Structures are given as C-alpha cells and as structure tokens.
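Asks: Here it is, the structure in full.
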Amino acid sequence: MDHHNRHVYHCPLRWGDMDALGHVNNGRYVDYLQDARVDFLFRTAKELGADDLETGLLVARHEVQYRAPLRFRPEPVRIELWISEIRAASFTVDYEILDVSPERTTYVEAKTRLVPFDFAAGRLRRITPVEREALTKLVGA
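Just so you know, we're using the numbering used here here: the sequence shown kicks off at 97 and counts up by one.
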C-alpha cells in the first residue's frame with residue numbers, strides 16, 4: 097500500500113477520554129480526527145499558499161468505523177490522513193487511527209467531507225484553482 101502522501105499526526109490521549117474499561121470513548125475520536133485535520137490543513141495551507149483552507153470550511157459529513165478498542169496509555173496514537181476525493185465544491189479527508197508497532201493495528205477508519213464556506217457572504221463556495229492544486233498534491237491512498 098502506498099502511504100507516501102499521508103500526513104502523520106501524533107495525537108495525545110487524555111485520561112478524561114477513557115470509559116470505565118480504560119478504552120478511548122467512541123465520542124472522543126471525532127475530536128482526535130478534528131485535531132489531526134486542523135494540523136494537516138493549517139500546515140498544508142501555509143506550505144501551498146491556500147490560506148482559506150485553514151478556516152473557511154464546514155463539515156458536511158463524518159463516517160467513522162470502529163475497528164478495535166484503543167486502551168489508555170501515555171504514548172500518543174498515530175493518525176494518518178490524506179485527501180481521497182476532490183469535487184467542485186467539496187473534498188474528502190480519509191483517516192486511519194493506528195499503531196504501527198509492534199504490528200500495524202487500526203483502531204478507527206474515518207472520512208470527513210468538507211465544504212468551503214464564504215463566511216463573509218454567508219454561503220457555500222466552490223474550490224478555487226489554488227486550493228484544487230494544493231489539495232491534489234495531498235491525494236493519497
């Protein structure tokens with residue numbers, strides 16, 4: 097599997113994220129995904145000159161599939177994310193929350209569809225050519 101276009105984010109676990117069994121509460125994963133996505137898009141926007149990708153986005157849809165329970169531990173968990181689809185007025189970020197050692201263990205697979213929003217005008221907008229070019233560089237597998 098080709099992972100070269102994946103952004104990697106190391107997400108700390110907080111004691112308050114755990115349920116009574118010592119596993120990450122399912123509701124917390126969406127926060128983890130958001131932290132990873134903001135890191136990804138802020139960094140990307142700066143590097144690729146697409147500044148509106150930082151702020152002018154709304155979440156249209158989340159899909160989260162739980163694969164294995166994640167136990168609390170002091171080490172952060174790895175989140176790999178990449179762009180899977182670009183349309184005229186939306187794009188999709190895919191994620192995998194996982195550990196890579198001692199063996200590759202996937203806890204969550206997820207997708208978020210994001211729509212660019214013009215907050216000044218109060219309406220959805222299309223993806224600009226600069227944004228499309230930036231996002232295309234981040235399409236991964």
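Think of the CB as a built atom: it goes at the ideal place given N, C-alpha and C, for glycine as much as any other residue.
Please read all numbers here as calculations on a predicted model, not as lab measurements.
#1: Let me make sure I understand the geometry here. Which of L154, V120, H106, L137 has the alpha-carbon closest to that of V211?
#2: For the beta strand (DSSP E) that contains L177, what are its first and last residues?
#3: Taking all protein chains shown into account, do 16 or more other C-beta atoms lie within 10 angstroms of the C-beta of R139, making it buried, or fewer, making it exposed?
#4: From A216 to G123, what does the alpha carbon distance come to, in whole angstroms?
#5: For D147 versus Y105, is the C-beta spacing smaller than 9 angstroms?
#6: Compare the C-alpha of W178 against each of P170, V134, Y125, V120 and name the closest.
#7: Quick one: Cα of L166 to Cα of R221, how far?
#8: What residues in its chain sit with their C-beta under 6 angstroms from that of H103, if we drop five residues either side in the sequence?
#9: When DSSP labels each residue in this structure, what does T140 get in the three-state scheme?
#10: Under the rule that 16 or more other beta-carbon atoms within 10 Å means buried, what is R174, buried or exposed?
#11: What does a CB cutoff of less than 7 angstroms around R110 pick up in its chain, not counting 5 residues either side in sequence?
#12: Which stretch, first to last residue, makes up the beta strand (DSSP E) that contains P212?
#13: Decide if E229 is buried, meaning its Cβ has at least 16 other Cβ atoms within 10 Å, or exposed.
#14: Would you tell me roughly how many angstroms separate the C-alpha atoms of D127 and R200, rounded to the nearest one?
Replies: According to the data block:
#1: Position 115 of the sequence shown, counted from the first residue, corresponds to residue 211. Of the listed residues, the one whose Cα sits closest to V211 is L154.
#2: Numbered from 1 along the sequence shown, position 81 holds the residue referred to as residue 177. Here the beta strand (DSSP E) through L177 covers 173-182.
#3: Taking the sequence shown and counting its residues from 1, the one referred to as residue 139 is at position 43. That one is exposed.
#4: Counting from 1 along the sequence shown, the entry for residue 216 is found at position 120. Counting from 1 along the sequence shown, the entry for residue 123 is found at position 27. Spanning the two alpha carbons is a distance of roughly 31 angstroms.
#5: What you label residue 147 is simply residue 51 of the sequence shown in a count that begins at 1. What you label residue 105 is simply residue 9 of the sequence shown in a count that begins at 1. No; because the gap between Cβ atoms is not below 9 angstroms, this pair is not in contact.
#6: The count along the sequence shown starts at 1 and reaches residue 178 at position 82. Of P170, V134, Y125, V120, the residue nearest in Cα terms is V134.
#7: To locate residue 166, count along the sequence shown from 1; it is residue 70. To locate residue 221, count along the sequence shown from 1; it is residue 125. Going by the C-alpha atoms only, they are around 38 angstroms apart.
#8: If you number the sequence shown from 1, residue 103 lands on position 7. Within the same chain, H103 has close Cβ partners F136, L177.
#9: On the sequence shown, position 44 is the one that residue 140 refers to. Helix at T140.
#10: One-based indexing of the sequence shown puts residue 174 at position 78. Label assigned to R174: buried.
#11: The residue given as residue 110 occupies position 14 in the sequence shown. Hits under 7 angstroms: none found.
#12: Here residue 212 refers to the residue found at position 116 when the sequence shown is read from its first residue. 201-214 is the extent of the beta strand (DSSP E) around P212.
#13: Along the sequence shown, read from residue 1 onward, the residue named residue 229 stands at position 133. So E229 counts as exposed.
#14: What you label residue 127 is simply residue 31 of the sequence shown in a count that begins at 1. What you label residue 200 is simply residue 104 of the sequence shown in a count that begins at 1. Spanning the two alpha carbons is a distance of roughly 22 angstroms.
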